[in-house]
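**Student:** Submitted below is the structure of interest, expressed as structure tokens.
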Amino acid sequence: MWLKPEEILLKNAFKLWVTEKDNDYFVLQRRRGYGEGGGGLTGLLVGTLDTVLDSTSKVAPYRILHHTPDSQVYWSIACGVSKEEIGQHWDWLQQNIMRTLSVFDSTEDVTSFVQGKIRGLIAEEGKSSLVLEDDPEKFREALLRFEKWFELPPQEKLVTYYSCSYWRGKVPCQGWLYLSTNFLCFYSYFLGSEVKLIISWDEIWRLEKTSNVILTESIHVLAHGDDHYFSMLLHLSETFVIMEQLASYSIKRLFDKEAFQGELSLCDPLQITKRGLEAHAKSEQFRSFFRLPKEENLLEVHESFLWVPFSHFNTLGKICLSENYICFASQDGSQCHIIIPMREVINVEKPDATSRALTVCVRGKRALRFSEVRDFQRLANTIRSRCGISASPQHSASSEAIRGECQSLINHFEDNPEDVTLMVGQKDNSKAVSTEALMTVFHPQDVENLDPKMLKEKMKEQSWNIHFSEYGRGTSMFFTRKTRDLIVRGVPESLRGELWMLFSGAVNDMATHPGYYGELVEQSLGTSTLATDEIERDLHRSLPEHPAFQSDTGISALRRVLTAYAYRNPKIGYCQAMNILTSVLLLYAKEEEAFWLLVAVCERMLPDYFNRRIIGALVDQAVFEDLIRENLPQLVEHMTDLSFFSSVSLSWFLTLFISVLPIESAVNVVDCFFYDGIKAILQLGLAVLDYNMEALITCSDDAEAVTILSRFFDSVTNRDSPLPPTVQQASSGSNDKARHVSVDISELIREAYEKYGHFRSEEVESSRRRNKLHVIQTLEDTTKQNVIRVVSQEVQFSGPQLDELYNLFKRQHFLSCYWTMESPALLHHDPSLAYLEQYQLGFQQFSELFSLLEPWAFCPSRSTLSLWVFRLIDENQDGLVNFKEFCSALDILYGGSFTNKLKFLFKLHLPPGRGKVDLQAYLKQWQNEILKKEETIKDLPRINQAQFIQFSKTLYNIFHGDPEEESLYRAVAHVTSLLLRMEEVGRRLQEPSSLRAGSTASVEASLTEEETSDASSSPSSQDGAARQPEADWSFSFEQVLASLLNEPVIVGFFERPVHIQGKLGQARVAQLRLKANK
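Counting from 3, one number per residue, gives the positions in the sequence shown under our numbering.
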């Protein structure tokens, strides 16, 4: 590798380097301790220094220096990890540079020319290089070390590296931590002791920052049941964040099959960079905080002050710009943020040329003034270009003119309210779609009703109207502490749908997709899938007590929303609990709004909740357990096993407490959820446990604890609810109300915010990332145990051996997915399938793994055994093999009897079934599987001449390399000759003499030929030979078996015990290396 020329001092370096070649201008040197001899104690010390120290002159074992005859100054210009690599550089210098140097008169000109040439070579390499780091030279050298030490496949992309200590017990090993796309690697070399560690990201169970008495702060990695600790990192937090991002990327890509479409920095695993990961993480955080669509990416961030009119002061914060939104979040503790869709911007004004401020005018008589923006000119131009506003002289008008334009726009919308509907995209493309919230249809508010509850409802509405007048209304409203206070006190029935749309961000989804829902309804109408069947089954189970869902109006709307969403997102389709949530959404939102609210919940606010494995809910339960340990220590002391709370709280998370609380109380919880996300559900869960602390501590078993919590939820009421008793959900525990004092939901929510509102949403997200690894690996382990339990009943391998085999099988699956997004194995991986079908191998992956585990030293140059084995065990001929089929084949080859092994080899050479199986044959096969009919040797078809020749050559190849190879060859030749003579005797009694002549001799001659084309061809390719006149004879398996049984050396070979344990150990080491060599 060429290096940027750097001056070095050789005065003290002679003891570390040995000169291999030199001339007047260049010196090739070898590092002591490398190559022949090892260098003794000096070599050990040098090797240790190479590992511990970060010096560009002490990286590779070979280097080339440039110097001139009359100068003592040397310049490093190249380095290499092997003698062949550095030799190529040396030869290039001799052929291309040495002849040119003679034309220069001065040594200064020589040095300048060499340095310029080397820099040019580096620049040329950089054009095609994938390395885009801050210090390319240093990174290139680290890449050399990474490739040399770990021998991973060449396409593996190194992302970054850090100097750190790795703890082996109580002893730290100083070395280097390398983080690549698919692996976490560590290398240390200290006084002859080498430590090398390679862990793939998909095998990690835990990744967290820890501290103890010895280690003030370290990174803990749990993989394969082993704990690994890394400390003494200069930038520990940065390192941990990158590790989290790589682990998350691996999980999403390999387990969730996320393709990262539209994200150029992550869509190709060969192009992953540290900068790309950081940008992706920032965009995710940006979208999560402001509840923006997943298509938005954080493009620019500007520090500025925003004039807050209701507080009459400037608040410090950051302007965040994406493709379609301008967002601002304060940083001074005022908890103020605002979201401005570009579609709402009508003007961008700069007050004067010397000011670093700009004013953004939006629809709704609003003008937002940002000041102290460092690059305000570029920001203003960016916003204008994205909003389609031309930078004309009109933009220098006064703020009064801007306000006048805003006012005229407002007046227009007040006079033409139908245009507002068009503005936000609420187009009704389907006459079947309901345009009213069900609550307004089944419970219209009585304006003249002046009972206390209705009066309180009017007071709430008035409070919100005052809030709207001060903070704005709609998409450009200010979100502040006061907004949250109003949410905690309860949202008026008439405003609930509007505020849910606003807080969830669904209003932006609907505005940017006008008519989308109507099209989905029309396209999904009449479709019949598994999802639609499940939807029909659950329709009448959704809030059956509510009048809206006792009529066709409510049921039809629910059906349309759920079916449309299943059609939109087949990856989720339909899952239980979606019907309950959607029912509540339809009560307070129009049908199209309910659809977009469901999209926001399923795809943004509760990720991975609604799928077959409900990973998201399990992750949040783990987060909930962590919060219980931190905030309710008294409860933890009494109930050390917190898994009870995980099981009992599952419905809390999946249905947002709707399934356990009366509907009039549950909607208050949903209010908080749409504003604060999952944090509101966690807070409320802690408050519920805290409220029932004394009762839970005294309970004797889990059943009693469940009863206590059920009675508590039945006692929760909403004293302010204006709904009549016919609409309110009946309490299932009314007989026990006397034993429980009623609890008002508003008081419970207020207490939850006061006691447990201190933790931030960022902490929840961090805990989610930490626990997701453990949850997924736990599910994967459960899958493995279930698969092993099924397979162990049909094979002779022990439990630990099956465990090792499963790990190898699964790793082989992932090895085919590491360096591409379109791996067939990855596309076929579906966690919702049966356990045995979740991981399958195509032929290429199977062939590589089978070559590591096959029991015999099969001749590679002639081997097509893996192809025939794959074809034989792929029973459904879909080109994929599952773990059970894989183990069944190995079980026969390792533990089968002589007869079974021979039968297996015999069947390999039979032609495969072609075409579709007719109905009768399929029914017969299905019946045999049910009856578990044992296949006998009489059921096997006969083998023809070409297939028998190939069978004999397969035996020859199997015996290759065996100590008794010659005896085995003679035995096979004897059996072959005997079978052919037996067949010839039988044929003489039946065939004319004209067809007999020479047939036996021709067959025996073909067996002695060493034609690789015959050995490498599939048995199926020999079918044509069976139609030749001289090949109308065949053998049965009984004949072959009887003949081979007469050869003790062959029987002994197949009955010789072969232990798989040694092969498993070798395969673990060689599996990754085999991929690297390929």
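Built from N, CA and C at the ideal position, the CB exists for glycine as well.
Given the structure is predicted, the values throughout are model-derived calculations rather than measurements.
Report yes if the C-beta distance between Ala697 and Ile710 is below 7 Å; otherwise report no.
**Tutor:** Here residue 697 refers to the residue found at position 695 of the sequence shown. Here residue 710 refers to the residue found at position 708 of the sequence shown. In contact: Ala697 and Ile710 (Cβ atoms closer than 7 Å).
**Student:** Going by C-alpha to C-alpha distance, which of Ser954, Lys85 and Arg983 sits closest to Arg972?
**Tutor:** Here residue 972 corresponds to residue number 970 of the sequence shown, with the count starting at 1. Checking every option, the nearest Cα to that of Arg972 belongs to Ser954.
**Student:** Given that a residue counts as buried once 16 or more other Cβ atoms are within 10 Å of its Cβ, and exposed if not, what is Thr565?
**Tutor:** Within the sequence shown, numbered from 1, the residue matching residue 565 stands at position 563. Classification of Thr565: buried, given that the 10 Å Cβ count is 16 or more.
**Student:** Should the segment 174 to 190 be regarded as contacting the segment 775 to 789, the criterion being three or more beta carbon pairs within less than 8 Å?
**Tutor:** They do not touch, by the three-pair rule.
**Student:** Can you tell me which of the three DSSP states Ser530 falls into?
**Tutor:** Position 528 of the sequence shown, counted from the first residue, corresponds to residue 530. Of the three classes helix, strand and coil, the one that applies to Ser530 here is coil, per DSSP.
**Student:** Would you kindly report the start and end of the unbroken beta strand (DSSP E) that includes Gly319?
**Tutor:** Within the sequence shown, numbered from 1, the residue matching residue 319 stands at position 317. Note, Gly319: beta strand (DSSP E), Phe315 to Leu323.
**Student:** Assuming Gly366 and Gly474 form a contact by the criterion Cβ under 8 Å, report the distance between their Cβ atoms to the nearest whole angstrom.
**Tutor:** As a first step, residue 366 is located in the sequence shown; it is residue number 364 there, counting from the start. As a first step, residue 474 is located in the sequence shown; it is residue number 472 there, counting from the start. Yes, they are in contact, since the Cβ atoms of Gly366 and Gly474 sit about 7 Å apart, within 8 Å.
**Student:** Within the continuous beta strand (DSSP E) that includes Asp228, where are the two ends?
**Tutor:** Within the sequence shown, the letter at position 226 stands for residue 228. Where Asp228 is concerned, the enclosing beta strand (DSSP E) stretches over Asp228 to Ser233.
**Student:** Excluding sequence positions up to five away, which residues of its chain have a Cβ less than 6 Å from the Cβ of Val83?
**Tutor:** Here the question's residue 83 lines up with position 81 in the sequence shown. Around Val83: Ala62, Leu146 and Lys150.
**Student:** Suppose contacts are defined by Cβ-Cβ distances below 7 Å. Is Lys837 in contact with Thr785 by that definition?
**Tutor:** Counting from one through the sequence shown, the residue named residue 837 turns up at place 835. Counting from one through the sequence shown, the residue named residue 785 turns up at place 783. Residue identity differs from the one stated: residue 837 is Tyr in this sequence, not Lys. A contact, by the Cβ cut-off of 7 Å.
**Student:** Whose C-alpha, out of Gln96, Ile88 and Val112, is nearest the C-alpha of Val75?
**Tutor:** As a first step, residue 75 must be located in the sequence shown, where it is residue number 73. Nearest of Gln96, Ile88 and Val112 to Val75, Cα basis: Val112.
**Student:** Exposed or buried, Phe470, counting other C-beta atoms within 10 Å across all chains shown (16 or more means buried)?
**Tutor:** As a working note, residue 470 is residue 468 in the sequence shown. With fewer than 16 other Cβ atoms within 10 Å, it is exposed.
**Student:** With Lys458 as the anchor, note down where its alpha helix (DSSP H) starts and where it stops.
**Tutor:** Position 456 of the sequence shown, counting from 1, holds the residue named residue 458. Element bounds for Lys458: Pro454 to Tyr473.
**Student:** With distance defined between alpha-carbon atoms, name the residue in Asp270, Ile244, His760 and Glu298 nearest to Leu279.
**Tutor:** Counting from 1 along the sequence shown, the entry for residue 279 is found at position 277. Comparing Cα-Cα distances from Leu279 to each of Asp270, Ile244, His760 and Glu298, the minimum goes to Ile244.
**Student:** Hey, Leu854 and Gln1073 are a contact pair by Cβ (cut 8 Å); roughly how many whole angstroms apart?
**Tutor:** Here the question's residue 854 lines up with position 852 in the sequence shown. Here the question's residue 1073 lines up with position 1071 in the sequence shown. The Cβ separation is near 6 Å, so the contact holds.
**Student:** Is Ser736 buried or exposed, if buried means 16 or more other CB atoms sit within 10 Å of its CB?
**Tutor:** Taking the first residue of the sequence shown as 1, we reach residue 736 at position 734. Unreliable positioning characterises Ser736 in this predicted model, as indicated by a pLDDT of 44, which lies under 50. The coordinate reading is nonetheless provided below. Exposed: under 16 other Cβ atoms inside 10 Å.
**Student:** Could you check how far apart the C-beta atoms of Glu374 and Ser306 are, in whole angstroms? I think they sit under 8 Å.
**Tutor:** Translated into positions along the sequence shown, residue 374 becomes position 372. Translated into positions along the sequence shown, residue 306 becomes position 304. Sure, about 6 Å apart at Cβ, within 8 Å.
**Student:** DSSP three-state label for Asn902, please.
**Tutor:** Here the question's residue 902 lines up with position 900 in the sequence shown. If DSSP states are grouped into helix, strand and coil, Asn902 belongs with the helices.
**Student:** First and last residue of the beta strand (DSSP E) that includes Asp24?
**Tutor:** By 1-based counting over the sequence shown, the position of residue 24 is 22. That run of the beta strand (DSSP E) goes Trp19 to Asp24.
**Student:** Among Glu87, Thr70, Thr109 and Pro7, which residue has its Cα nearest to the Cα of Arg32?
**Tutor:** Within the sequence shown, residue 32 is the residue found at index 30, counting from 1. Here the closest residue by C-alpha is Glu87.
**Student:** Return yes when the C-beta of Ser195 is under 6 Å from any heavy atom of the ligand MG, and no when it is not.
**Tutor:** What this structure holds is no ligand at all, so the ligand MG is not there to describe.
**Student:** On a Cα-Cα basis, can you pick out the residue from Leu644, Ser387, Phe961 and Pro494 that is closest to Asp722?
**Tutor:** Locating residue 722 in the sequence shown gives position 720, counting from the first residue. Looking at the Cα atoms, Pro494 is the closest of the given residues.
**Student:** Quick one: measure Cβ to Cβ for Val364 and Ile342, integer angstroms, because I've assumed they're closer than 8 Å.
**Tutor:** As a first step, residue 364 must be located in the sequence shown, where it is residue number 362. As a first step, residue 342 must be located in the sequence shown, where it is residue number 340. Confirmed, about 6 Å.
**Student:** Starting from Glu632, follow its DSSP beta bridges and name the residues at the other end.
**Tutor:** What you label residue 632 is simply residue 630 of the sequence shown in a count that begins at 1. Bridge partners of Glu632: none, in fact.
**Student:** DSSP three-state label for Lys757, please.
**Tutor:** Here residue 757 refers to the residue found at position 755 of the sequence shown. Helix.
**Student:** On the criterion of 16 or more Cβ atoms from any shown chain inside 10 Å, does Lys592 qualify as buried, or is it exposed?
**Tutor:** Numbered from 1 along the sequence shown, position 590 holds the residue referred to as residue 592. Lys592 should be labelled buried.
**Student:** How far does the beta strand (DSSP E) with Asn349 in it reach, from first residue to last?
**Tutor:** Position 347 of the sequence shown, counted from the first residue, corresponds to residue 349. Counting along the chain, the beta strand (DSSP E) containing Asn349 begins and ends at Val347 to Glu351.
**Student:** Return the first residue and the last residue of the beta strand (DSSP E) that Phe141 is part of.
**Tutor:** Within the sequence shown, residue 141 is the residue found at index 139, counting from 1. Looking at the DSSP string, Phe141 is not in any beta strand (DSSP E); the run it does join, the alpha helix (DSSP H), is Pro138 to Phe152.
**Student:** Just the Cα atoms here: how many angstroms apart are Trp169 and Ser239?
**Tutor:** On the sequence shown, position 167 is the one that residue 169 refers to. On the sequence shown, position 237 is the one that residue 239 refers to. Distance between the alpha carbons of Trp169 and Ser239 is about 18 Å.
**Student:** Taking DSSP's pairing of strands, which residues face Arg32 in a bridge?
**Tutor:** Locating residue 32 in the sequence shown gives position 30, counting from the first residue. Beta-bridge pairing links Arg32 to Val20 and Tyr64.
**Student:** How should Gly390 be labelled, buried or exposed, when 16 other C-beta atoms within 10 angstroms of its C-beta is the threshold for buried?
**Tutor:** Residue numbering aside, residue 390 sits at position 388 when the sequence shown is read from its first letter. Exposed, by the Cβ-count rule.
**Student:** Indicate the three-state DSSP secondary structure (helix, strand or coil) for Val718 in the structure shown.
**Tutor:** As a position in the sequence shown, residue 718 is number 716, starting the count at 1. The answer is strand: DSSP assigns Val718 an E or B state.
**Student:** Can you check which of these residues, Asp893, His542 and Glu210, is closest to Gln795 by C-alpha distance?
**Tutor:** Within the sequence shown, the letter at position 793 stands for residue 795. Looking at the Cα atoms, Asp893 is the closest of the given residues.
**Student:** Quick test of your reading: Ile574 and Phe612, contact by CB under 8 Å. State the CB separation rounded to the nearest angstrom.
**Tutor:** Along the sequence shown, one-based indexing puts residue 574 at 572. Along the sequence shown, one-based indexing puts residue 612 at 610. Confirmed, about 5 Å.
**Student:** Can you tell me whether Val362 is helix, strand or coil according to DSSP?
**Tutor:** In the sequence shown, the residue the question calls residue 362 occupies position 360. Strand, per DSSP.
**Student:** Of the residues Asn326, Leu323, Ser645 and Gly319, which one's Cα is nearest the Cα of Ser332?
**Tutor:** The residue labelled residue 332 in the question sits at position 330 within the sequence shown. Looking at the Cα atoms, Gly319 is the closest of the given residues.
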